[in-house]
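Below: the structure, in structure tokens.
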Amino acid sequence: MKNDYAHYISQTAKVLQPSGIRKFFDLAAGMKDVISLGVGEPDFITPWNIREAAILSMEQGFTSYTANAGLLELREEISIYLRTRFSVEYDAKNQIIVTVGASQAIDLAFRAILNQGDEVLIVEPAFVSYAPLVSLAGGKPIAVSTSAENGFKVTPEQIEQAITEKTKAILLCFPNNPTGTSLNETELIEIAKMINKHDLLVVSDEIYAELTYDETFTSFASIDGMYERTILINGFSKGFAMTGWRLGMLAAPKELVEVMLKIFQYTTMCAPTMLQYGAIEALRNTFHEVESMQKSYRRRRNYVVQTLNNIGLDCHTPGGAFYVFPSIRATRLTSEQFAEELLMKEKVAVVPGNVFGESGEGYIRCSYASSMPQLQEALKRMQRFIEAKGVSSNNHVGESIYY
Amino acid sequence: MKLSSEELEILKIIEENHKVPVETIALMAMTSEETIQNTIKKLEDEKIIMSYPTLIDWTKVEGQENIVAMIDVKVTPKRGVGFDEVAERIYRFPEVSSLYLMSGAYDLSITIEGKTMNQIAAFVSEKLSTIENVVSTTTHFMLKKYKHDGVIFDSGADDKDRRMVVSP
């Protein structure tokens with residue numbers, strides 16, 4: 001055996017870029033007393049009724065495999081969920097798969113539809129794993145950049161510019177990680193026209209659907225003519241505060257599901273059984289809590305967006321998820337410089353915007369899934385930091401008037 | 001009284017923590033500080049906001065531990081005033097910290113706090129049982145408080161943030 005492992009490693013894996021978040025994680029993980037706004041998950045623990053249902057299933061000995069696509073009982077609940085919440089109709093028997101996280105669902109979608117060299121449009125800034133997953137499936141990720149002037153909303157024109165004869169599909173994720181931007185029905189209809197015109201498939205990552213604040217969430221599959229073209233992806237992680245469970249779902253026309261299920265049965269067999277029992281409980285009896293979590297995020301969003309603008313970091317009001325994406329251009333630093341210096345000087349962790357694509361340069365992602373006292377302290381430190389950079393603010397954080 | 005969604009939002013915010021400053025509530029509810037102050041004043045005047053007590057775990061303070069008992073009371077209601085008159089006679093005692101009218105096997109549920117068991121026993125036998133219309137009492141002493149008004153006492157590891165510092 002040769003000592004040089006590079007010799008053995010596949011070309012595909014070799015050219016895969018390591019996630020920019022990884023580097024930042026290593027930097028922050030070694031430090032003490034860091035307030036982190038860099039976390040991409042809820043600060044709530046999974047509601048007790050869901051945890052209890054999973055525990056109970058283990059006590060009762062439900063430890064064997066389930067059907068590849070997941071427990072029929074769970075798929076039936078998912079079918080009801082998709083119909084009642086998003087007005088989309090999927091047959092529990094052959095149109096739904098319970099996956100190991102939404103990430104796996106995205107992987108399955110790309111593997112099922114991509115040939116070598118097929119292009120997939122990815123609206124950026126975007127979640128870090130989309131482009132690598134396209135590459136791993138043999139496709140070519142093509143970035144469609146959006147800008148803050150338009151609130152990071154993608155327009156049909158931007159999409160059309162990126163389309164070539166090799167374009168096979170587009171990945172949409174709204175509400176978006178990292179910008180928090182969401183699109184309403186009217187905006188989605190405009191995009192749908194473009195998709196129809198160029199005969200594309202859509203991988204719609206709707207993981208943040210439950211965390212939409214100002215307008216009603218519209219599923220892309222519910223847009224006229226899009227049902228046949230959409231692989232709808234959702235999951236339990238964000239809305240139900242179940243990130244560590246790794247439970248996602250996909251729904252699509254049955255011809256596509258059949259192919260994805262074929263791949264899924266060889267790679268994974270099925271999602272963990274006991275967790276599927278928890279998920280049944282989640283869909284049956286948790287909407288009260290989902291709603292109260294959603295309201296809690298909304299309050300924090302309002303507070304964080306306005307405070308960031310007050311202290312001199314321009315920030316659009318995102319319609320969903322739990323991220324804000326303020327511009328740090330006023331400080332004349334790059335995203336990475338800003339994030340690194342802020343961490344070193346004030347011990348506040350944020351994620352530099354450029355890790356989500358080129359159009360994220362000049363921005364940082366701040367998660368507001370933290371307690372109010374933590375957010376207040378973090379913003380106070382950020383204000384001190386940017387003031388030292390010569391940015392003037394309208395207002396100070398943390399003065400208290402009690403009633 | 002019907003409240004607007006903004007008023008409800010303000011109530012929800014301060015129900016969780018009444019120490020949130022006005023300016024922060026204004027930012028969270030997307031309205032002006034003046035509106036917050038006026039709304040809270042109005043809700044106080046309407047007695048929708050009753051008071052701002054603080055939840056204290058006295059068991060952690062030496063010499064301040066209280067003995068708490070819950071007493072089920074059966075009473076004979078009185079024509080014209082029902083249970084209200086006897087309830088009033090009971091809740092006037094300062095040692096009574098809560099009093100509810102219940103459905104089921106008994107009528108009134110009392111929470112009472114005292115320094116010693118003797119004090120509580122004395123209250124039951126001398127004050128409570130002698131009230132006209134009180135038919136019987138059953139006293140339960142509280143052994144340990146796990147959760148009160150939605151707050152878990154000594155939640156241990158439950159409220160620790162176990163998330164990774166940075167994640168995608």
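Here the protein sequences line up with chains W and P, keeping their order.
Going left to right, the first sequence walks through residues 1 to 403 as full-length UniProt numbering numbers them.
Going left to right, the second sequence walks through residues 1 to 168 as full-length UniProt numbering numbers them.
Idealized CB from N, CA, C, for every residue including glycine.
Check                                                                                                                                                                           : Outcome
From residue 265/W to residue 68/W, what does the alpha carbon distance come to, in whole angstroms?                                                                            : 6 Å
Only counting the same chain, and skipping five residues up and downstream in sequence, which positions put a Cβ closer than 6 Å to that of residue 7/P?                        : 39
If you reduce the DSSP assignment to three classes, tell me which class residue 72/P lands in.                                                                                  : strand
Helix, strand or coil: how does DSSP classify residue 123/P here?                                                                                                               : helix
Since residue 49/W and residue 281/W are thought to touch, with beta carbons under 8 Å apart, how far apart are those beta carbons, to the nearest angstrom?                    : 6 Å
For residue 30/W, report the span of its alpha helix (DSSP H) as first-last.                                                                                                    : Run containing residue 30/W: none; DSSP gives neither H nor E here.
Can you give, in chain order, each stretch of the beta strand (DSSP E) that sits fully within the stretch 316-371 of chain W and has at least 3 residues?                       : 364-367
Given this structure, state the Cα-to-Cα distance separating residue 124/W from residue 155/P, to the nearest angstrom.                                                         : 42 Å
Distance, Cα to Cα, residue 76/W vs residue 92/W?                                                                                                                               : 5 Å
Restricting to runs no shorter than 4 residues, where is the alpha helix (DSSP H) found entirely within the stretch 269-318 of chain W?                                         : 273-285 and 287-311
Nearest by alpha-carbon distance to residue 111/W: which of 157/W, 203/W and 381/W is it?                                                                                       : 203/W
What is the C-beta distance between residue 158/W and residue 146/W, in whole angstroms, given that I count them as a contact (C-beta under 8 Å)?                               : 7 Å
For residue 242/W, does the three-state DSSP call read helix, strand or coil?                                                                                                   : coil
For a contact meaning CB atoms closer than 9 Å, what does residue 21/W contact in chain P?                                                                                      : 166, 167 and 168
Look at the alpha carbon of residue 44/W and the alpha carbon of residue 97/P, and state the distance between them as a whole number of angstroms.                              : 33 Å
Starting from residue 303/W, find everything on chain P with Cβ-Cβ shorter than 8 Å and list it in chain order.                                                                 : 24, 27 and 28
Below 8 Å, how does it come out for the stretch 199-214 of chain W and the stretch 346-360 of chain W: are there three or more Cβ pairs, yes or no?                             : no
Do we get a CB-CB distance below 8 Å when we pair residue 299/W with the residues of chain P?                                                                                   : yes
With contact counted as at least three CB pairs below 8 Å, one residue from each stretch, are the stretch 310-327 of chain W and the stretch 213-221 of chain W in contact?     : yes
What are the residues that DSSP puts in a beta bridge with residue 98/P?                                                                                                        : 111/P
Would you mind stating whether residue 144/W and residue 121/W have Cβ atoms separated by less than 8 Å?                                                                        : yes
For residue 332/W, count neighbouring C-beta atoms within 10 Å of its own C-beta (all shown protein chains included) and say buried if the count is 16 or more, exposed if not. : exposed
Does chain W have any CB closer than 8 Å to the CB of residue 149/P?                                                                                                            : no
Taking 8 Å as the CB-CB cut-off, is residue 17/W touching chain P?                                                                                                              : no
Along the chain, where does the alpha helix (DSSP H) containing residue 234/W start, and where does it finish?                                                                  : Run containing residue 234/W: none in the alpha helix (DSSP H); it sits in the beta strand (DSSP E), 230-235.
Considering only the beta carbon of each residue, do residue 98/W and residue 276/W sit closer than 8 Å?                                                                        : yes
Please decide whether residue 127/W counts as near chain P, where near means a Cβ-Cβ distance under 8 Å.                                                                        : yes
Below 8 Å between beta carbons is the criterion; list the residues of the stretch 32-58 of chain W that meet it against any residue of chain B, in chain order.                 : Included in the structure are the protein chains W and P, with no chain B among them.
If contact means a Cβ-Cβ distance below 8 Å, which residues of the stretch 349-362 of chain W contact chain P?                                                                  : 349 and 351
Along the chain, where does the beta strand (DSSP E) containing residue 134/P start, and where does it finish?                                                                  : 134-141
Measure from the alpha carbon of residue 150/W to the alpha carbon of each residue in 310/W, 180/W and 373/W, then state which is nearest.                                      : 180/W
Could you spell out the range, first to last residue, of the beta strand (DSSP E) harbouring residue 249/W?                                                                     : 248-251
Specify the secondary structure class of residue 116/P as computed by DSSP and reduced to three states.                                                                         : coil
My output table needs one value for residue 119/W: the three-state DSSP class, helix, strand or coil.                                                                           : strand
Looking at the secondary structure, which residues open and close the alpha helix (DSSP H) in which residue 82/W lies?                                                          : 72-86
Mind the definition here: the stretch 184-195 of chain W touches the stretch 125-139 of chain W only if three or more C-beta pairs lie below 8 Å; say whether that holds.       : no
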